[in-house]
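A quick write-up on the structure given underneath.
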Amino acid sequence: MAASPTVSASAAALAVASTYPSSVRLADGSNFPLASFGLQIYDDAMAEKLTLQAIDAGFRNFFASVLARNQVGFARAVERSGVPREQLYICGSVVSNRAVDEQTAYEFTKLGLQENLQAFAAGGITTLDMIMLDYPGPDEACIRGQWRAFEEFKAAGKARCLAVSNFSPQQVFGHGSDHMTFAGSTPLPSSISSISSISSPPPPFPPPPPSPPSPPSRPSPPREKLVCSPLAPPTA
1 MAASPTVSAS
11 AAALAVASTY
21 PSSVRLADGS
31 NFPLASFGLQ
41 IYDDAMAEKL
51 TLQAIDAGFR
61 NFFASVLARN
71 QVGFARAVER
81 SGVPREQLYI
91 CGSVVSNRAV
101 DEQTAYEFTK
111 LGLQENLQAF
121 AAGGITTLDM
131 IMLDYPGPDE
141 ACIRGQWRAF
151 EEFKAAGKAR
161 CLAVSNFSPQ
171 QVFGHGSDHM
181 TFAGSTPLPS
191 SISSISSISS
201 PPPPFPPPPP
211 SPPSPPSRPS
221 PPREKLVCSP
231 LAPPTA
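Using full-length UniProt numbering, the first residue of the sequence shown is number 1, and each one after it goes up by one.
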């Protein structure tokens, strides 16, 4: 049986207490801790265990992605830890890129935001420090709908900071007809895709790399042919 994953205290300590500053100040004035702990695909019980280990190791910045489907376990760990909420930086995410027009993008995004709040409520978390739009919609109209829902979420006091991920540089910074103007708040942290234009996302978790090709087989050396001669007649 494989051993359960654990958070190495020594590795976590190195990540938290490095030679770099412990945090940076974002454009909105908030502090963003540089060492962030992100959960991958574990069930809620394992996510709770690993989050408690990470908190004990010193992590205070957490990314709980909706794609990992373990935000409930993460939230329970936060509540069990006893660490005051104001000492933690918590980021959630929304995936709503399958919309076909601005209105459905807006509605899908609002639904995703509510799903975040419901999951985090399992640990008494009612507001987020950051909410991340995980993938852009297929066109500018859909992105406008996504961002409108994000703006409303922030205006309602549910998130302090809005962020994007997997956007192209053109969609974030602007370039010709691909320029995306974010109404109201500008996304602060931006995870930039190297792809110039994205119409649909890559798989959330990339498949393993293909196995290396097998070396060419070597032909077997020819076997020696055995020739059997008849026995010579006995001599007198």
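For glycine and all other residues, C-beta sits at the position ideal for the given N, C-alpha and C.
{"Check": "Measuring straight from C-alpha to C-alpha, what distance separates Thr104 and Ala57?", "Outcome": "42 Å"}
{"Check": "Count the other C-beta atoms from every protein chain shown that fall within 10 angstroms of the C-beta of Gly145, then say buried if there are 16 or more, exposed otherwise.", "Outcome": "buried"}
{"Check": "Is the CB-CB distance between Asp129 and Val66 below 9 Å?", "Outcome": "no"}
{"Check": "So, do the segment 66-75 and the segment 43-51 have three or more beta carbon pairs nearer to each other than 8 Å?", "Outcome": "yes"}
{"Check": "Please go through the segment 104-191 and give each complete beta strand (DSSP E) segment of 3 or more residues, from N-terminal end onward.", "Outcome": "128-133 and 159-167"}
{"Check": "When you compare the segment 114-128 with the segment 72-92, are there three or more beta-carbon pairs, one atom per stretch, that lie closer than 8 Å?", "Outcome": "yes"}
{"Check": "How about Asp101 and Ala141: are their beta carbons less than 9 Å apart?", "Outcome": "yes"}
{"Check": "For Leu55, report the span of its alpha helix (DSSP H) as first-last.", "Outcome": "Residue identity differs from the one stated: residue 55 is Ile in this sequence, not Leu. Taken as a continuous stretch (DSSP letters only), the alpha helix (DSSP H) holding Ile55 covers Asp44 to Ala57."}
{"Check": "I think Val83 touches Ile55, with their Cβ atoms under 8 Å apart; what is that distance to the nearest whole Å?", "Outcome": "6 Å"}
{"Check": "If you run the structure through DSSP and keep just helix, strand and coil, what is Gly29?", "Outcome": "coil"}
{"Check": "Can the beta-carbon of Asn97 be found less than 9 Å from the beta-carbon of Gly38?", "Outcome": "no"}
{"Check": "I need the straight-line Cα distance from Asn116 to Gly92, nearest angstrom please.", "Outcome": "7 Å"}
{"Check": "Which value, in whole angstroms, describes the spacing of the CA atoms of Tyr20 and Ser168?", "Outcome": "28 Å"}
{"Check": "Can you find the residues in the same chain that come closer than 8 Å, C-beta to C-beta, to Arg160, ignoring five residues on each side of it along the sequence?", "Outcome": "Asp28, Ser30, Thr127, Leu128, Asp129, Met130 and Lys154"}
{"Check": "Which same chain residues, not among the five before or five after Ala99, have their C-beta less than 6 Å away from its C-beta?", "Outcome": "Ala105, Phe108, Gly137 and Cys142"}
{"Check": "Looking only at its chain, what residues have a beta carbon closer than 6 Å to the beta carbon of Lys110, apart from the 5 residues adjacent to it on each side?", "Outcome": "Ala149"}
{"Check": "Please state whether DSSP places Tyr20 in a helix, a strand or coil.", "Outcome": "coil"}
{"Check": "Starting from the C-beta of Pro187, find all residues in its chain whose C-beta is less than 6 Å away, skip the five residues before and the five after it, and write them out in chain order.", "Outcome": "Leu162, Ala163 and Val164"}
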